[in-house]
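Note sheet for the following structure.
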Amino acid sequence: MNVTPEHISNFFKPSTYATTKSNKDRKERLASDLTLMCCCDLLPFSIVSNEGFQDFLMAYNIVNTVDDIRSRATLNPFHLNQLYNAYMDRLNEELKEAPYFPGSNVQKAWRLVHVMHLSRAAHGLHNLLMVDVIPKIDGLSELLDKVQTIISKLRYRENELRDAFLSSSTDSNAAMIEDILTVSELLDADISSRTELDEEDDDNTSIAL
Numbered sequence: 015m016n017v018t019p020e021h022i023s024n025f026f027k028p029s030t031y032a033t034t035k036s037n038k039d040r041k042e043r044l045a046s047d048l049t050l051m052c053c054c055d056l057l058p059f060s061i062v063s064n065e066g067f068q069d070f071l072m073a074y075n076i077v078n079t080v081d082d083i084r085s086r087a088t089l090n091p092f093h094l095n096q097l098y099n100a101y102m103d104r105l106n107e108e109l110k111e112a113p114y115f116p117g118s119n120v121q122k123a124w125r126l127v128h129v130m131h132l133s134r135a136a137h138g139l140h141n142l143l144m145v146d147v148i149p150k151i152d153g154l155s156e157l158l159d160k161v162q163t164i165i166s167k168l169r170y171r172e173n174e175l176r177d178a179f180l181s182s183s184t185d186s187n188a189a190m191i192e193d194i195l196t197v198s199e200l201l202d203a204d205i206s207s208r209t210e211l212d213e214e215d216d217d218n219t220s221i222a223l
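For this note's numbering, add 14 to where a residue sits in the sequence shown, where the first one is 1.
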């Protein structure tokens with residue numbers, strides 16, 4: 015692995031001391047590093063809830079208790095947004111120092127090598143919407159921001175919502191089955207009582223005769 019001064023590992027700030035409840039800064043730094051680890055290796059944020067991972071952190075005195083480990087609700091979106099902003103700031107700084115290459119020069123370069131340049135219609139439509147349409151419609155930008163926020167929260171809580179739905183469905187099914195069994199018992203009892211009454215009526219009829 016080639017390590018450069020700008021390598022991603024520079025974001026990590028190792029600590030030789032375990033986190034404590036009173037050391038908020040160290041816990042926040044651990045949460046930030048866990049978020050970076052998940053992003054680098056495409057790991058789910060739910061890894062912080064895995065018992066083996068928690069035991070590993072405590073075995074090497076990275077944390078003292080499970081409570082010192084930030085939940086996935088904290089890693090995403092809070093620390094993920096912080097990490098994104100940090101990378102965007104670095105990227106913007108590098109872009110400012112990069113030489114300028116106009117898009118028209120790219121098209122000329124393709125023509126010089128006798129290769130047909132195909133413009134992407136989707137990019138043109140996207141730029142048209144973002145520059146000439148959406149900003150000119152009152153309230154649309156704010157509405158889209160709210161929709162995006164709702165979608166992000168729903169995506170993050172997808173597993174929780176699915177579990178809640180399955181749990182409610184299971185409870186509803188169990189309640190329905192219980193009601194069916196209760197009705198079945200009542201019907202059986204009703205049928206039994208009618209049979210006994212019919213037998214008594216037959217006995218009374220024979221005596222009367």
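All residues carry an ideal CB built from backbone N, CA and C; glycine is no exception. As the structure is a prediction and not an experimental result, all values here were calculated from the model.
For Asn-187 and Met-102, what's the separation of their Cα atoms in angstroms?
About 49 Å.
In this structure, what does DSSP give as the bridge partners for Val-120?
DSSP, once it has assigned bridges, lists no residue as partnering Val-120.
Give the straight-line distance between the Cα atoms of Leu-56 and Ile-83, rounded to the nearest whole angstrom.
Roughly 19 Å between the two C-alpha positions.
First and last residue of the alpha helix (DSSP H) that includes Lys-160?
Segment 154-170, the alpha helix (DSSP H) holding Lys-160.
Answer yes or no: does any C-beta atom of chain D fall closer than 9 Å to that of Asn-173?
The structure shown contains no chain D; it is built from a single protein chain.
Assuming Gln-96 and Ser-46 are in contact, meaning their beta carbons sit under 8 Å apart, how far apart are those beta carbons, in whole angstroms?
About 7 Å separates the two Cβ atoms, so the contact holds.
By how many angstroms is the C-alpha of Leu-143 removed from the C-alpha of Lys-160?
So the two alpha carbons sit approximately 18 Å from each other.
Please classify Pro-58: does DSSP put it in a helix, a strand, or coil?
If DSSP states are grouped into helix, strand and coil, Pro-58 belongs with coil.
Mind checking whether Leu-154 and Leu-89 have CB atoms under 9 Å apart?
The answer is no: Cβ separation not under 9 Å.
Along the chain, where does the alpha helix (DSSP H) that runs through His-93 open and close?
Segment: none, His-93 is in no alpha helix (DSSP H) and carries neither H nor E.
Between the alpha carbons of Val-77 and Phe-92, how many angstroms are there, rounded?
Rounded to the nearest angstrom, the two C-alpha atoms are 20 Å apart.
State the DSSP-derived secondary structure class of Tyr-114, mapped to helix, strand or coil.
Tyr-114 falls in the coil class under three-state DSSP.
Could you round the C-beta distance between Arg-86 and Ser-63 to whole angstroms and report it? I think they count as a contact, below 8 Å.
Rounded, the Cβ-Cβ distance is 7 Å, consistent with contact.
Answer with buried or exposed for Phe-115, where buried requires no fewer than 16 other C-beta atoms within 10 angstroms of its C-beta.
Phe-115 should be labelled exposed.
With 16 other CB atoms within 10 Å as the buried threshold, where does Ser-36 fall?
Any reading at Ser-36 must be qualified, since the residue scores a pLDDT of 49, below 50, and its modelled position is unreliable; no value is offered.
Quick check on Cys-54: buried or exposed, where buried means 16 or more other Cβ atoms within 10 Å of its Cβ?
Its Cβ having fewer than 16 others within 10 Å, Cys-54 is exposed.
Tell me whether Leu-44 is buried or exposed, calling it buried when 16 or more other Cβ atoms sit within 10 Å of its Cβ.
Leu-44 is buried by the Cβ-count criterion.
Could you have a look at Ile-148 and say whether DSSP puts it in helix, strand or coil?
If DSSP states are grouped into helix, strand and coil, Ile-148 belongs with the helices.
Can you tell me which of the three DSSP states Met-130 falls into?
Three-state result, Met-130: coil.
Quick one: Cα of Pro-58 to Cα of Leu-157, how far?
Going from the Cα of Pro-58 to the Cα of Leu-157 covers about 30 Å.
Drop a sphere of 10 angstroms on the beta-carbon of Leu-71, count the other beta-carbons inside from all chains shown, and report buried for 16 or more, exposed for fewer.
By the 10 Å Cβ count, Leu-71 comes out buried.
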